[in-house]
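A.B. asks: Here it is, the structure in full.
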Amino acid sequence: MLNWPDRASDDLEEMDKPDCDPRRLDNTYRQFGAVNRAVSGWRRLYLRELRPLLSVAPTTILDIGCGGGDIAVMLARWALRDGLVLDVTGIDPDPRAIGFALRRPPVRGVQFRQAHSSALIREGAVFDVVISNHVLHHLTPGELGVLLDHSGKLARNKALHNDLRRSRLAFALFGVATLPLPASFIREDGLTSIRRSYTPAELTAAAPAGWRVEAGAPFHQILALRRT
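Counting in my numbering, the sequence shown runs from 1190 upward without gaps.
This is the structure in structure tokens:
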């Protein structure tokens, strides 16, 4: 059996601690780009879920919990390379994450903002697509319910929450693959994230009606809401 019997939902990742080493935190945000390109499966999601929506008219995406901004930048660059127009807004309540994102070289169609999704709800904002990457496993059941409720209100066409899925194999392979990454929290926090993440059955049970759990890249799963 590959799955742990229980989620380690009370474990705390080092980068979430307010007094964590700022140099290692910056290195973590910097290394996220390479790690996510390698294992998170966003290229396939872009081709299957996002590019069919794109044209020369702007398509809008909200990236909730954007962290250091690598996913927002990656998606925008793919769209630019394809000659399509994509406007991505990345939000995160953590000022350290947004500080890093705002120090990135500007990319056309990408903006970052320190905010919670509730602020956008109050403003009446709507986006064509709402996404997140590796956010779900951080949330309590109540916070997960809020995120999905807000996603449903903010997304015009679809919401796609990409997260890890818990297994012993994922834990073992990630531990080996991230040994070369120095001076960051990637390895230790990634292993904690896997322990905190859901199995597909657990995520299905936690999701409200209308949401569907789908296989993602190896060791990932998508919690999706589609209206079109």
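Just so it is clear, CB atoms sit at the ideal spot from N, CA and C, and this is done for glycine as well. Being a predicted model, the structure only gives us computed values, none of them experimental.
With distances taken between CB atoms, is the gap from residue 1274 to residue 1298 smaller than 8 Å?
C.D. replies: The sequence position of residue 1274 within the sequence shown is 85, counting from 1. The sequence position of residue 1298 within the sequence shown is 109, counting from 1. Yes, these two residues count as a Cβ contact at 8 Å.
A.B. asks: Taking buried to mean at least 16 other C-beta atoms within 10 Å of its own C-beta, is residue 1376 buried or exposed?
C.D. replies: Here residue 1376 corresponds to residue number 187 of the sequence shown, with the count starting at 1. Per the 10 Å Cβ criterion, buried.
A.B. asks: Which of the three DSSP states, helix, strand or coil, is assigned to residue 1403?
C.D. replies: Position 214 of the sequence shown, counted from the first residue, corresponds to residue 1403. Looking at residue 1403 - three-state DSSP - the assignment turns out to be strand.
A.B. asks: Let me know if residue 1254 comes out buried or exposed under the rule of 16 or more other beta-carbons within 10 Å of its beta-carbon.
C.D. replies: Here the question's residue 1254 lines up with position 65 in the sequence shown. Per the 10 Å Cβ criterion, buried.
A.B. asks: Please report how far the alpha carbon of residue 1328 lies from the alpha carbon of residue 1337, in whole angstroms.
C.D. replies: Here residue 1328 corresponds to residue number 139 of the sequence shown, with the count starting at 1. Here residue 1337 corresponds to residue number 148 of the sequence shown, with the count starting at 1. Distance between the alpha carbons of residue 1328 and residue 1337: 11 Å.
A.B. asks: Does the region 1224-1243 touch the region 1192-1207, meaning 3 or more C-beta pairs lie closer than 8 Å?
C.D. replies: The region 1192-1207 vs the region 1224-1243: no contact.
A.B. asks: Does DSSP put residue 1321 in a helix, a strand or coil?
C.D. replies: As a working note, residue 1321 is residue 132 in the sequence shown. It is a strand residue.
A.B. asks: Give me whichever residues DSSP pairs with residue 1303 in a beta bridge.
C.D. replies: Along the sequence shown, one-based indexing puts residue 1303 at 114. The partner list for residue 1303 (beta bridge, DSSP) reads 1281.
A.B. asks: Which same chain residues, not among the five before or five after residue 1190, have their C-beta less than 6 Å away from its C-beta?
C.D. replies: Your numbering for residue 1190 matches position 1 in the sequence shown. Because residue 1190 sits at a pLDDT of 39, beneath the cut-off of 50, its placement in the model cannot be relied upon, and the following sentence gives the value as read from the coordinates. Counting only Cβ-Cβ distances below 6 Å, and skipping sequence neighbours, we find nothing.
A.B. asks: Would the beta-carbon of residue 1301 fall within 8 Å of that of residue 1308?
C.D. replies: Residue 1301 sits at position 112 when you count from the first residue of the sequence shown. Residue 1308 sits at position 119 when you count from the first residue of the sequence shown. In this structure, residue 1308 does not lie closer than 8 Å to residue 1301 by Cβ.
A.B. asks: If we count Cβ pairs, one from each stretch, closer than 8 Å, do we get three or more for the region 1396-1404 versus the region 1204-1213?
C.D. replies: No contact exists between the region 1396-1404 and the region 1204-1213.
A.B. asks: Within its chain, find whatever has a CB closer than 6 Å to the CB of residue 1378; leave out the 5 residues flanking it on each side and keep chain order.
C.D. replies: Stepping through the sequence shown from its first residue, residue 1378 is reached at position 189. The residues are 1202, 1203, 1204.
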